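Chain order of the listed sequences is F and H. According to our numbering, the stretch in the first sequence is residues 18 to 600, in order. According to our numbering, the stretch in the second sequence is residues 130 to 519, in order. Just so it is clear, CB atoms sit at the ideal spot from N, CA and C, and this is done for glycine as well. None of these values were measured; they are calculated from a predicted model.
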Amino acid sequence: MDELFGRTGKVLHIDLTSGKAMAEYPDDAVYDAFIGGRGLAGHYLRPFADREYSAPELPLLIFTGPLTGTDSPTSGRGSIVSRSPLTGAMCDGSIGGGLPTRLKKAGYDGLVITGRGSVPCGIEIDDNDVRVVETSLWGQDTDAVLHALEKRLPEDTSLACIGPAAENGSLLASVAVDHRHGGVRGGLGLIWAAKNLKYLTVRGTGDVPVHDPDALAQANEAIVRLTMASPVLMGRHGFSRWGTPALLDLMNSRRMLPTDNFQKTYFEHGAKVNASALAALCEPRDHGCLGCHIHCRKIARDGRSLPGFEALAHFTALIGNDDPETAMAGVDLCGRLGLDPVSAGSVLACLREISGKDYSGKTLLSALREMAEGGDSGQGAAHVAQVCHRPETAMTVKGMELPAYDPRGGYGLALAYAVSTRGGCHQRAFPLSHEVLRKPVATDRFSFSGKARIVKIAEDTLAAADSINACRLIFLAAGLEEYAKALTAVTGKDWSAQSLLETGERITVNERRMNTANGFGAADDDLPARFFTEPGTPGGGIEIPPIDREAFLQARHNYYVVRGLDKNGAATPETLQRLGLDG
Amino acid sequence: MKSLCAKFAAKLAAQGIAPERGPDAPLIGGLDAELTWNREDPRTSLLSGLFDRLSINSLVFVRPAEPYRTILDFLASRNPNAIRPEDTETRTFLHDIPVCREFALSAMTGLLERRKVIVLPGRGIVSCGTVSPEQGFVSVSSAIFSTFVLFFSDYLNRARRNALDDEYIKTFSRVVRLLPEPRQIPPALAQGPFRDEESVVSAMAEAGRKVVGFGLVDSFFGNISYLLNGTIYISQTGSSLDELNGCIDPCPLDGSSTNGLTASSELTAHEDIYRRSRYDCILHGHPKFSVIMSMDCERVDCPSRGRCHLDCPECRTVDGVPVVPGEVGTGPTGLCHTLPPAMAANGAALVHGHGLFTSGEKDFNAPFARLLEIENRCRELYFERLSEYV
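This is the structure:
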C-alpha cells in the first residue's frame, strides 16, 4: 500500500453487543468525497439515519480529520456524530481537548460504534489494543468518572464519558471530553447511554505522516500571522485573553443578548456578569486543546471550567440572573451531570417564563438535578412548553434550543438558525462573523439582502472546516484559502478553497437529505413566532424591530434556490446528481 | 445587492483606482438568488460564468486608472506567474497576486479558486467575495497599493545596484509624470479638547474623511482613536475611515468591558501609547511614500534581510521619524511591542512596510498635519535618494 498522508486509512468498527472490533480501510474515493470528521461521519451515518436513538444499529461516530494530529494550527479537533435524540435530525458535536489527536495517533481516522453492551461498559483504546470492558462507574458523575480513569490510566490518555443525565434518559445529555472540551449538543450523550457505553479512553503514540512538512510550515505561518492580526481571537479584548465570554459585552451593546427567554435583547446587569467580572471572581488560567495557540478555555483558580459565552449568557441574561457565582455553579453542575448547558439554560428560561418565578442559587441547582433525572424538564424546552400548554415559550428550531444570539439582531443569523441541518445552531453558517465581528468584511445585519447566498457559502465553508477538523473559531481570522494550502501540504493532494467549498456543499446536502428522509421540511426551517411579532430591546441608537415575516420567507426561498432545494427544502435530483449523492 | 455593487464601484472611482464612467469604469456583480451587475457591459457575459464555477457571491473587475495601469502591466510583464510585493498588507492578507494571461473563463477560474485577486495584463484586475462586494473592493485596492509600493521600492533598489534597464527607466519616467501633485496645506479640523462622546465621535469621523480625501490612506486601511476620561474611542476593525458613523468602539482602559472585540487590530498598540505618553489622539494612515521609505535600506548584505518586518536590528529613522519592525496585531513579533515606545518618544513612527502613526494632544489638527508633512517629506526623500544613483 502507498504511504498515506494526513490519514491512517483505517476506520475502526466496534460492536458493543459482541464486544468485537474490526478495522475497515475505506476507498480513496470516500475520503475524497467527504474528507474526514463531520463529513466522513455523515457518510457512515446515512444508511442508518432513520433509526431510533435506542436502536443498536444506529452508529455513534467519532471521527478525526486529515489535519488532526499534525502541526496545522487549531487542528486537534474531531466530531461526534449521530442522529439527535432531541430533534430526530442528524447531529454533530465538535470536540477538542486531546482525544481527537490521540485517536488519530492510535491509528484510527474514526470510530463506528454500534450495538449495545449487555452491561455498562467502557471502550479503552491504547494504540492497537482495543478493549470493551465492563465498568462499575455507571451512576457516577462525569468528574468522578474522569478522575477515576485518570488514576488508573497513563497520563497521556484522553477521556470522554457521559453523566447521570444520559443514564436517566435526558434528551439534553451531553458528553464530557477531557473534562472541559465536550460541549456536545442535541442529546448525543443519550446515544452512549442507549449503548450502555459509559466512557471512552484513547491513548495513541504514533505519528501522523505529513507529505510536505516545509510547505505545511509555510501555510502555518500565514495562518498564525492572520490569527495574530485578529482582534477577536488574539486582541487584548479577545478570546485568547478572556475566553468566549468576551462576546457578552458586545452582544449586549448590539442589543442582541437574549434576555428573559428572548423577551428582551438587552441585560441591564451585563457588567456584573461579563468576562471582566468573571475573571475577577475566578482568577482564571489559560487552557487549550492540543495544537492550539489561542487557548480560549479558561480554568478558575478552584479548578472549575469557566463557561463559554453561550452557557454564561443563558445562565445569566436568559434567566434574569445577575450573580456570576450562581452562573458558575449552574454551568459546573451541568458539566458534572452531563447536561448540555445551552439547552439546559433555555429550558430554565422557558420554565421561568411560564411560572413567573425567579431562581435562587438553590432552586437553580435543584431544577438542573431534576432535568438530569429525565423527567419532563429533561426532555427539552419544546416538550416542557408543550406539556405546560405554552408552546410559544419554547425558543427552539427543529426542537433544538437556540444559543445566546438573538436573531432579531442579525438577519443572516435568523436565516442560518432556520435552515441549519442540526436545528437551533449558530455555528453552521456563523453569520456573527460578518454581521457583528466584521470578518471578512461587515454586512448590514438588519438586511436579508445577499444573505441567502452568504449563508449557503458559509455553511459549505464550515462543513469543510469541521471535516478537515480545524477549529471554527480560527475562521474568524484565516480562511479556506490558507487552510487549503495546509491540507495540500499534509495530504499531498491538491486542494483549493474552491474544491473545499464543493466538498463542504456535498457534506451539507448529505445531511439535509438525511433530515428530509426523516420527515423534515420547510415547516421545520423556521423560527419561533416571537421573533416575527415582538420587538427586541432598543437603546444606544439601535432599534430592534420584529423580523419581517415576508422578507424572511423570501430569504428562505432564495436559500432554497441557491442551495438547489425544492420548495419543501429537499435536495432536488439534479443537486444530488451534481454532488454525487444520487447513489 | 445592486446598491452595494454601485456603492463600491463609486468608491473605486473616488479613490482614483478606476474612472467613474466609460468603458473602464468598474464592473461589479452580486449574486443572491439572482445575479445583478452595477452596469451593462459586454464583458459581463463572460464574467458571469465565474459565478457558475466559483462559490462566490460577488465579483469586482477593474481596468485601473493611471498610473496603476502602467505599474500593473509592467510588473505582470516581469513576473510571469505571480507578483509578490513585500509590504504588510500582502504578507498578511494577499500573500501574492497571480498573473492570468488569458481573459478566459477556465484560466481565471483556475486561479481564483485559490487566490483573492488576480491580474490580467492589459485588461485589469479581478477579485471575488463570498460575503460582499466589499471584499473584492478591498482586495483590488490592496493590490493597487501593494504593487505601487513594490514598483517604487524595486526601482530604487535596482538603481542602487545599478541594475536598471531601459524599459524600466522609461516606464518609471512615465509613472512619475502621471503621479498627482502632493497636497500641501492640511485642513482645518474641529478644535479640541473634546469633552463628550458625541464631540469625540464627530471629530474622529471628520478626521477620518479628510485622511482618506487627502490620499493618506485607502478608505478601509488605517485607524484612528481618541482618549476621553479613561476610555479609548477607536475605529472598528475593517472600517472605512471615510465612513466611521456607527463604527467607533468605546474601550475602557481599565479592562472592565470587552467591547474592544470589534475594535481595530491595533487597539493594544493605541492603549499602550496612551499609557506611556501625554497624547490624546492617534492617526494611522498608509501613505504610499511613507511605506516605501520605511522599507528602504541600504544594507543589502544585512543578515536580517528578509526578516526586516520582524526584527530589524537597526535603530532606523526616515528624516528623524523612527522606523520600527512589527506585524499587525498582538503576536510575539507584533507592532504592539515596538510602536508604543517609539510613539511615546517621538509622537510619530513608521512601521516597516505597513504605515505611519502620528499622535497629538486635544485634537487631530497636529497629527493630521504631521501625517501630511511626513508623507510629503518621504516623497521628496525618495527622489533625493534615487538621484544619488541615477
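**Request:** Return the residue from the list F/Thr413, F/Gly496, F/Thr333 that minimises the CA-CA distance to aspartate 543 of chain F.
**Result:** As a working note, residue 543 of chain F is residue 526 in the first sequence. Relative to aspartate 543 of chain F, the option among F/Thr413, F/Gly496, F/Thr333 whose CA is nearest is F/Thr413.
**Item:** Check whether valine 278 of chain H and isoleucine 146 of chain H have beta carbons under 8 Å apart
**Value:** Taking the second sequence and counting its residues from 1, the one referred to as residue 278 of chain H is at position 149. Taking the second sequence and counting its residues from 1, the one referred to as residue 146 of chain H is at position 17. Their beta carbons are not under 8 Å apart, which means valine 278 of chain H does not touch isoleucine 146 of chain H by this criterion.
**Request:** Mark asparagine 374 of chain H as exposed unless 16 or more other C-beta atoms lie within 10 angstroms of its C-beta, in which case mark it buried.
**Result:** Mapped onto the second sequence, residue 374 of chain H falls at position 245. Exposed: under 16 other Cβ atoms inside 10 Å.
**Request:** Have a look at aspartate 143 of chain F and leucine 29 of chain F and give me their C-alpha separation to the nearest angstrom.
**Result:** Position 126 of the first sequence, counted from the start, is the residue given in the question as residue 143 of chain F. Position 12 of the first sequence, counted from the start, is the residue given in the question as residue 29 of chain F. Straight-line Cα distance between these residues: approximately 13 Å.
**Item:** Whole-angstrom C-beta distance between phenylalanine 326 of chain F and proline 262 of chain F, which should lie under 8 Å
**Value:** The count along the first sequence starts at 1 and reaches residue 262 of chain F at position 245. The count along the first sequence starts at 1 and reaches residue 326 of chain F at position 309. Confirmed, Cβ separation roughly 5 Å.
**Reference serine 275 of chain H, options H/Lys299, H/Arg252, H/Leu176, H/Val246, closest by Cα** = On the second sequence, residue 275 of chain H is found 146 positions in, with the first residue counted as 1. Nearest of H/Lys299, H/Arg252, H/Leu176, H/Val246 to serine 275 of chain H, Cα basis: H/Val246.
**Prompt:** glycine 308 of chain F versus chain H: which residues are under 7 Å apart at the beta carbon?
**Reply:** Start at 1 with the first residue of the first sequence, and residue 308 of chain F comes out as number 291. Residues of chain H passing the Cβ test: none, with the nearest at roughly 17 Å.
**Request:** Within the same chain, show all residues whose beta-carbon is closer than 8 Å to that of threonine 199 of chain H, passing over the 5 residues directly before and after it, in chain order.
**Result:** Working through the second sequence from its first residue, we reach residue 199 of chain H at position 70. Closer than 8 Å at Cβ, skipping near neighbours: Thr300, Arg303, Val304, Leu307.
**Item:** Cβ pair count under 8 Å reaching 3, the stretch 183-202 of chain F against the stretch 232-242 of chain F
**Value:** No, because fewer than three Cβ pairs between the stretch 183-202 of chain F and the stretch 232-242 of chain F fall closer than 8 Å, the two stretches do not touch.
**Asked** Would DSSP call proline 341 of chain F helix, strand or coil?
**Response** By 1-based counting over the first sequence, the position of residue 341 of chain F is 324. Proline 341 of chain F: helix per DSSP, three-state reduction.
**Request:** Report all residues from its chain with a CB closer than 7 Å to the CB of alanine 482 of chain F; omit the five preceding and five following residues, and keep chain order.
**Result:** For this step, residue 482 of chain F is matched to residue 465 along the first sequence. Closer than 7 Å at Cβ, skipping near neighbours: Arg489, Phe492.
**Request:** Quick one: which residues of the stretch 462-488 of chain F get their C-beta closer than 7 Å to a C-beta of chain H? List them in chain order.
**Result:** The residues in question are Ser466, Gly467, Ala469, Arg470, Ile471, Ile474, Asp477.
**Message:** If I measure Cβ to Cβ from valine 241 of chain F and keep anything under 8 Å in the same chain, skipping five residues before and after, which residues do I get?
**Reply:** To locate residue 241 of chain F, count along the first sequence from 1; it is residue 224. Hits under 8 Å: Pro90, His310.
**Item:** chain H residues whose Cβ lies nearer than 8 Å to that of proline 248 of chain F
**Value:** Along the first sequence, read from residue 1 onward, the residue named residue 248 of chain F stands at position 231. Going along chain H in sequence order, the residues near proline 248 of chain F (Cβ under 8 Å) are Thr366, Gly389, Leu390, Thr391, Ala392, Ser393, Ser394, Leu396, Gly458.
**Asked** Since asparagine 352 of chain H is in the beta strand (DSSP E), which residue starts that stretch and which ends it?
**Response** Here residue 352 of chain H refers to the residue found at position 223 when the second sequence is read from its first residue. From DSSP, the beta strand (DSSP E) with asparagine 352 of chain H extends over 352-357.
**Asked** If we ignore side chains and look at the alpha-carbon of each, how far apart do tyrosine 125 of chain F and cysteine 405 of chain F end up?
**Response** As a working note, residue 125 of chain F is residue 108 in the first sequence. As a working note, residue 405 of chain F is residue 388 in the first sequence. Rounded to whole angstroms, tyrosine 125 of chain F to cysteine 405 of chain F spans 47 Å at the Cα level.
**Prompt:** Around the C-beta of glycine 367 of chain H, are 16 or more other C-beta atoms found within 10 angstroms, so that it is buried, or is it exposed?
**Reply:** In the second sequence, counting from the first residue as 1, residue 367 of chain H sits at position 238. Buried: at least 16 other Cβ atoms inside 10 Å.
**Length of the line joining the Cα atoms of glutamine 444 of chain F and leucine 419 of chain F** = Numbered from its first residue, the first sequence carries residue 444 of chain F at position 427. Numbered from its first residue, the first sequence carries residue 419 of chain F at position 402. Rounded to the nearest angstrom, the two C-alpha atoms are 11 Å apart.
**Exposed unless 16 or more other CB atoms sit within 10 angstroms - verdict on methionine 39 of chain F** = Stepping through the first sequence from its first residue, residue 39 of chain F is reached at position 22. Flag for methionine 39 of chain F reads exposed.
**Prompt:** If you count every other CB in all the chains shown that lies within 10 Å of the CB of aspartate 45 of chain F, and 16 or more means buried, which is it?
**Reply:** Walking along the first sequence from the start, residue 45 of chain F turns up at place 28. Of the residues assessed, aspartate 45 of chain F falls on the exposed side of the cut-off, its CB having fewer than 16 other CB atoms within 10 angstroms.
**Item:** Alpha-carbon to alpha-carbon, alanine 398 of chain F and leucine 464 of chain H
**Value:** Position 335 of the second sequence holds residue 464 of chain H. Position 381 of the first sequence holds residue 398 of chain F. Straight-line Cα distance between these residues: approximately 49 Å.
**Message:** Here's a check: name, in chain order, each residue in its chain whose Cβ is nearer than 6 Å to the Cβ of leucine 307 of chain F, leaving out the five neighbours to either side.
**Reply:** Locating residue 307 of chain F in the first sequence gives position 290, counting from the first residue. So the list reads Gly93, Gly115, Thr118, once near-sequence residues are dropped.
**Asked** Which residues in the same chain have their Cβ closer than 6 Å to the Cβ of aspartate 349 of chain F, if we skip the five residues on either side of it in sequence?
**Response** The count along the first sequence starts at 1 and reaches residue 349 of chain F at position 332. Within the same chain, Cβ atoms closer than 6 Å to the Cβ of aspartate 349 of chain F are found at Arg321, the five residues on either side in sequence being excluded.
**Prompt:** Roughly how many angstroms lie between the CA atoms of glycine 435 of chain H and valine 364 of chain F, to the nearest whole one?
**Reply:** In the second sequence, residue 435 of chain H corresponds to position 306, counting from 1. In the first sequence, residue 364 of chain F corresponds to position 347, counting from 1. If you take the alpha carbons of glycine 435 of chain H and valine 364 of chain F, they lie about 57 Å apart.
**Contacts of valine 329 of chain H in chain F (Cβ-Cβ under 8 Å)** = As a working mapping, residue 329 of chain H is identified with position 200 in the second sequence. Those within 8 Å of valine 329 of chain H in chain F number zero; the least Cβ separation is about 15 Å.
**Asked** In the stretch 462-486 of chain H, which residues sit with their C-beta less than 7 Å from some C-beta in chain F, listed in chain order?
**Response** Gly463
**Prompt:** Between the C-alpha atoms of leucine 285 of chain H and isoleucine 377 of chain H, what's the straight-line distance to the nearest angstrom?
**Reply:** Locating residue 285 of chain H in the second sequence gives position 156, counting from the first residue. Locating residue 377 of chain H in the second sequence gives position 248, counting from the first residue. Linking leucine 285 of chain H to isoleucine 377 of chain H through their CA atoms gives a straight-line distance of about 39 Å.
**Request:** Quick one: list the residues of chain F neighbouring alanine 236 of chain H, beta-carbon separation under 7 Å, in chain order.
**Result:** As a position in the second sequence, residue 236 of chain H is number 107, starting the count at 1. Those within 7 Å of alanine 236 of chain H in chain F number zero; the least Cβ separation is about 14 Å.
**Within-8 Å CB hit, arginine 243 of chain H to chain F** = Position 114 of the second sequence holds residue 243 of chain H. It does; some Cβ of chain F falls within 8 Å.
**Request:** Please name the residue in F/Val194, F/Leu217, F/Ile179, F/Asp229 whose C-alpha comes closest to that of glycine 206 of chain F.
**Result:** Translated into positions along the first sequence, residue 206 of chain F becomes position 189. The option with the nearest alpha carbon to glycine 206 of chain F is F/Ile179.
**Request:** Let me know the alpha helix (DSSP H) ranges lying completely inside the stretch 305-351 of chain H, each 4 residues or longer, listed in chain order.
**Result:** 326-342
**Prompt:** For the stretch 151-171 of chain F against the stretch 69-77 of chain F, are there 3 or more C-beta pairs whose distance is under 8 Å?
**Reply:** no
**Asked** With contact counted as at least three CB pairs below 8 Å, one residue from each stretch, are the stretch 415-429 of chain F and the stretch 351-369 of chain F in contact?
**Response** yes
**Message:** Going by C-alpha to C-alpha distance, which of F/Ser437, F/Leu432, F/Thr438, F/Ile130 sits closest to serine 601 of chain F?
**Reply:** Nothing can be reported for residue 601 of chain F, as the shown portion of chain F is limited to 18 through 600.
**Item:** Collapsed DSSP secondary structure at tryptophan 512 of chain F in the structure displayed
**Value:** As a position in the first sequence, residue 512 of chain F is number 495, starting the count at 1. In this structure, tryptophan 512 of chain F counts as coil in the three-state DSSP scheme.
**Asked** Does DSSP put methionine 18 of chain F in a helix, a strand or coil?
**Response** Along the first sequence, one-based indexing puts residue 18 of chain F at 1. With a pLDDT of 46 at methionine 18 of chain F, under the threshold of 50, the modelled position of this residue cannot be trusted, and the question is left open.
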